[in-house]
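Heads up, the sequence shown is in my numbering, so the first residue is -18 and it goes up one at a time. Positions of the beta carbon are idealized from the N, C-alpha and C atoms, including for glycine. Below is one structure, written out as structure tokens, with a few remarks after it.
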Amino acid sequence: MFVLVYVDDIIVASSTEQATSALLRDLKEQFALKDLGELHYFLGIEVHKTSGGILLTQEKYASDLLKRVGMADCKPVNTPLSTSEKLSLYEGTPLGAQDTTRYRSIVGALQYLTLTRPDISFAVNKVCQFLHAPTTIHWEAVKRILRYIKQCTGLGLKIHRSASTLVSAFSDADWAGCVDDRKSTGGFAVFIGTNLVSWSARKQSTVSRSSTEASIKQ
């Protein structure tokens, strides 16, 4: 049995339909409850049934974000971040007050998109590091992420039945990746069986003296 509650929205999942029905019946005795049936949409996340599992996407959310920025017809790219470009606090022209607010709003929307898009977590974390003083260079990096999303708006997270319940985790870091303070940005991914269940990308709070130390801090 699995129950997810967000304010007044509830997802109930179980391996048996009888258990789900019994729980909903008990809840209706205590609360005013409306059963909306099969799960299709929850907090901007679309749920599609597939053979042996479900696919979680934010396709509509991603498309609406592109329209909001005026990039619905932009030219797509294959990667969310250039591997050769190192973002810095001191490159580019500082954005004005209105554009800074817009930058923060779009980056915040991209953060929510990482709920089903681990492929952009690292790139989004990079542009988050400049929220306090974004420049035109940082805005170009944000637009590259949006152009990447354009070519794969329907990409999502597939959760399917796995024969294994083994928990495995992987981590890595771009040692001294920040050109301003030499701090590393690292990330991790946790799997249960073959299903990805947790992931993160964040800048480390201290300077690592080696690539090994940077990886250990994850």
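| said: I'd like to confirm the pairing. Which residues does DSSP put opposite L5 in its beta bridges? | reply: Start at 1 with the first residue of the sequence shown, and residue 5 comes out as number 24. L5 is bridged by DSSP to nothing; it lacks a bridge partner.
| query | Should L47 and G137 be called a contact, given that it needs their Cβ atoms to be closer than 8 Å? | reply | As a position in the sequence shown, residue 47 is number 66, starting the count at 1. As a position in the sequence shown, residue 137 is number 156, starting the count at 1. Taking the C-beta atoms as reference points, G137 is found no nearer than 8 Å to L47.
| message | Check this for me: beta carbons of S179 and G168, under 8 Å apart or not? | response | Within the sequence shown, numbered from 1, the residue matching residue 179 stands at position 198. Within the sequence shown, numbered from 1, the residue matching residue 168 stands at position 187. With respect to the 8 Å criterion, S179 and G168 are not classified as neighbours on the basis of their beta carbons.
| Under a Cβ-count criterion, where at least 16 other Cβ atoms within 10 Å of its own Cβ denotes burial, should V(-14) be classed as buried or exposed? | For the purposes of this step, residue -14 is taken as residue 5 along the sequence shown, with counting starting at 1. Counting Cβ neighbours within 10 Å, V(-14) comes out exposed, since fewer than 16 surround it.
| message | For A53, which residues in the same chain have their Cβ closer than 7 Å to its Cβ, ignoring the five residues on either side in sequence? | response | Walking along the sequence shown from the start, residue 53 turns up at place 72. Annotation for A53: L47 place their beta carbon closer than 7 Å to its own, counting only its chain and skipping 5 residues before and after.
| field | Among A157, A3 and L127, nearest to K67 - alpha-carbon criterion | value | Mapped onto the sequence shown, residue 67 falls at position 86. Comparing Cα-Cα distances from K67 to each of A157, A3 and L127, the minimum goes to A157.
| message | I want to know whether the stretch 56 to 70 touches the stretch 120 to 129 - three or more CB-CB distances under 8 Å. | response | In short, these stretches touch, since the Cβ pair count reaches three.
| Pick from D16, A90 and P57 that is closest to A(-6), judged by C-alpha positions | In the sequence shown, counting from the first residue as 1, residue -6 sits at position 13. Cα-wise, what sits closest to A(-6) is D16.
| Contact under 8 Å by Cβ, R85 with L112 | Residue mapping note: residue 85 aligns to position 104 of the sequence shown, counting from 1. Residue mapping note: residue 112 aligns to position 131 of the sequence shown, counting from 1. Yes, these two residues count as a Cβ contact at 8 Å.
| CB-CB under 6 Å to T175, same chain, minus the five flanking residues each way: which ones, in chain order? | Numbered from its first residue, the sequence shown carries residue 175 at position 194. Apart from the 5 residues on each side of it in sequence, T175 sits with its Cβ closer than 6 Å to the Cβ of S143 in its chain, given in chain order.
| When you compare only the Cα positions, how much space is there between I(-8) and F151? | Start at 1 with the first residue of the sequence shown, and residue -8 comes out as number 11. Start at 1 with the first residue of the sequence shown, and residue 151 comes out as number 170. Straight-line spacing of the CA atoms in I(-8) and F151 works out to 29 Å.
| message | So if DSSP puts P75 in a beta bridge, which residue, or which two residues, is it bridged to? | response | Here residue 75 refers to the residue found at position 94 when the sequence shown is read from its first residue. When DSSP reads this structure, P75 sits in a beta bridge with T116.
| request: Quick one: give me the first and last residue of the alpha helix (DSSP H) that N106 is part of. | output: In the sequence shown, residue 106 corresponds to position 125, counting from 1. N106 -> alpha helix (DSSP H) spans S102 to C109.
| request: Return the chain-ordered list of same chain residues with a C-beta closer than 6 Å to the C-beta of P57, the five sequence neighbours on each side being excluded. | output: Locating residue 57 in the sequence shown gives position 76, counting from the first residue. Result list for P57: R128, K131 and Q132, in chain order.
| Given that a residue counts as buried once 16 or more other Cβ atoms are within 10 Å of its Cβ, and exposed if not, what is N59? | Looking up residue 59 in the sequence shown gives position 78. Burial call: exposed.
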